[in-house]
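Using the numbering used here, the letters of the sequence shown map in sequence onto residues 4 to 112.
Idealized CB from N, CA, C, for every residue including glycine.
If you're wondering where the values come from, they're calculated on a predicted model, not measured in any experiment.
A short write-up of the structure that comes next.
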Amino acid sequence: FDDAFWERGVDCVLNALDNVEARLYMDGRCVAHSKSLIDAGTLGSKGNVQTVVPGRSESYGSSADPPEKAIPVCTLKNFPYEIGHTIQWGRDLFDGLYNRRPKQANDNG
4 FDDAFWERGV DCVLNALDNV EARLYMDGRC VAHSKSLIDA GTLGSKGNVQ
54 TVVPGRSESY GSSADPPEKA IPVCTLKNFP YEIGHTIQWG RDLFDGLYNR
104 RPKQANDNG
């Protein structure tokens, strides 16, 4: 979007983007042109909405989410998008096949 886009009556931008880089880009454009931003997103089963009002609230880029303590199970099962997710998915699969199931069979036998 060029400057003419931002100057012709855009009051608020609604985001539903799939990556942080795109969110930061749109946030930067909104900050530069003093436009409100409503950013919405999901990660696994978690949802988030952030409203940014110029001069009244912090921008998307000025805040950071706290680090996850563990990888959400729904991310591992449905959309392992980082190498760490894939490794953990493999560990969970291995543990289920070669540890939990044999242990259950031995406990029931």
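Problem - Meets three-Cβ-pair contact criterion under 8 Å: the region 51-60 and the region 94-101 - result: With a cut-off of 8 Å, the region 94-101 and the region 51-60 do not count as touching, because too few Cβ pairs lie within range.
Exercise for the section: Could you name the residues that DSSP lists as bridge partners for Gln53? Expected result: Here Gln53 is bridged, per DSSP, to Asp42.
Problem - Buried/exposed call for Asp42, threshold 16 Cβ in 10 Å - result: Buried.
Problem - Minimum C-alpha distance to Leu46 - residue among Phe82, Arg26, Asp14 and Tyr28 - result: Of the candidates Phe82, Arg26, Asp14 and Tyr28, the one whose C-alpha sits nearest the C-alpha of Leu46 is Phe82.
Practice task
Please name the residue, chosen from Cys15, Gly44, Phe8 and Ser39, that lies closest to Ala25 on a Cα-to-Cα basis.
Solution key: Between Ala25 and the set Cys15, Gly44, Phe8 and Ser39, the nearest pair of CA atoms involves Gly44.
Exercise for the section: Apply the 10 Å Cβ neighbour rule to Cys15 and answer buried if 16 or more other Cβ atoms are within range, or exposed otherwise. Expected result: By the 10 Å Cβ count, Cys15 comes out exposed.
Problem - Supposed contact pair Met29 and Asn22 - C-beta distance, whole angstroms, cut 8 Å - result: At roughly 11 Å, the Cβ-Cβ gap does not stay under 8 Å, so Asn22 and Met29 are not in contact.
Handout entry: N-terminal and C-terminal residue of the beta strand (DSSP E) that Asn18 is part of
Key = Element bounds for Asn18: Cys15 to Asn18.
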